[in-house]
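Below is one structure, written out as structure tokens, with a few remarks after it.
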Ligand code: AMP
Ligand code: ZN
Ligand code: FE
Ligand code: FE
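In my numbering, the protein residues as written are 558 to 845.
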């Protein structure tokens, strides 16, 4: 029997992915996927293009986004799946996140300039094109200008956490991010919970605290999560009554080792994951 596969965590040129939404949809069709969620960082603007392309190519596309929140331990990423079309309030919150990012980018650029690597915000903006601007774009400009031999080296020498031009994120708290996405009517899922290697007890307690704010799922399958970690997250979800989401976190050439749908080669997400999330939404009277 043909197994229908999905990917509920992907990035496009509207943030730091390298395929535009239409090319991403075409790529998903080539990969034989049945559904994807576009989850660009701090924006939903690519969704309309992806949804339109999905209609054309016969691929189910879920409008999503991934918010970078700041907890007392550091970053936590929160996924909103089934985001509505952008209304005024939603636009304002996302615009505020973009502005905070831009101020951080400016500060990192200032530091790079004072380290003897002149570059401008305009160059970084031009590199990002139409979407959310972040460190991967700064890294690419550093590479293009010949200051580093690779994007990776840009992170290792200058803009990775704790490096001389790194500036910590000024963002909303995980509680605020979850509440906001919930208020939009999205299914809210904690992205790649084990990525940052926070103590498991702290992580579990934090997940528990986010449930009253509207957290509805955890991302149990992700390219950077081991099978053992997936099992752990599935058991946490069961204990807490949460749903499960999964995705590769595909970024195109910005993360060349990660393939759409299959991640590092061993991801295989069945359509039943999507159906289970949909059924939770229906149970709450939310549209799918
Ligand atoms: P930002 O949201 O601006 O802080 O950028 C975060 C993004 O930078 C992540 O989503 C990764 O895609 C990328 N990134 C972070 N650390 C590294 C690294 N060491 N090498 C390459 N890319 C990285
Ligand atoms: Zn990213
Ligand atoms: Fe993330
Ligand atoms: Fe992501």
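Where is the CB? At the ideal position from N, CA and C, for every residue including glycine.
Only a predicted model underlies this, so the values are computations on that prediction, with no experimental measurement involved.
Just to confirm, are residue i and residue j a CB contact at a threshold of 9 Å?
i	j	result
residue 638	residue 802	yes
residue 763	residue 755	yes
residue 790	residue 767	no
residue 623	residue 598	yes
residue 574	residue 809	yes
residue 780	residue 815	yes
residue 704	residue 674	yes
residue 760	residue 735	no
residue 636	residue 594	yes
residue 601	residue 559	no
residue 708	residue 680	no
residue 628	residue 731	yes
residue 641	residue 719	no
residue 666	residue 654	no
residue 774	residue 744	yes
residue 738	residue 564	no
residue 562	residue 590	yes
residue 817	residue 588	yes
With residue i and residue j assumed to form a contact (beta carbons below 8 Å), what rounded beta-carbon distance in angstroms separates them?
i	j	result
residue 615	residue 658	About 35 Å separates the two Cβ atoms, so there is no contact after all.
residue 566	residue 806	5 Å
residue 687	residue 571	6 Å
residue 726	residue 819	The Cβ separation is near 30 Å, so there is no contact.
residue 696	residue 711	4 Å
residue 837	residue 800	5 Å
residue 724	residue 661	5 Å
residue 721	residue 811	Residue 721 to residue 811, Cβ: 23 Å. No contact.
residue 584	residue 749	No, residue 584 and residue 749 are not in contact; Cβ-Cβ is about 21 Å, not under 8 Å.
residue 751	residue 786	5 Å
residue 607	residue 581	7 Å
For residue i, does the three-state DSSP call read helix, strand or coil?
i	result
residue 729	coil
residue 758	helix
residue 827	strand
residue 584	helix
residue 623	strand
residue 802	strand
residue 786	helix
residue 817	coil
residue 629	coil
residue 843	coil
residue 772	strand
residue 569	coil
residue 927	Limits of the chain in this structure are 558 at one end and 845 at the other, which puts residue 927 out of reach.
residue 766	helix
residue 642	coil
residue 519	The structure shown does not extend to residue 519, since the chain spans only 558 to 845, so no value can be given for it.
residue 812	coil
residue 576	coil
residue 603	coil
residue 822	coil
Which residues share a DSSP beta bridge with residue i?
i	result
residue 741	The partner list for residue 741 (beta bridge, DSSP) is empty, contrary to what the question assumes.
residue 778	803
residue 593	564, 618
residue 749	Partner(s): none; residue 749 has no beta bridge.
residue 634	625
residue 856	Beyond the ends of the chain as shown, which are 558 and 845, falls residue 856; an answer cannot be given.
Using beta carbons (cut-off 9 Å, strictly below), is residue i in contact with chain D?
i	result
residue 723	The structure shown contains no chain D; it holds only a single protein chain.
Subject >> Those runs of the alpha helix (DSSP H) which lie wholly inside the segment 646 to 731 and span at least 4 residues >> reply: As for any alpha helix (DSSP H) of minimum length 4 sitting wholly inside the segment 646 to 731, the runs are 678 to 685, 692 to 701, 708 to 711, ordered along the chain.
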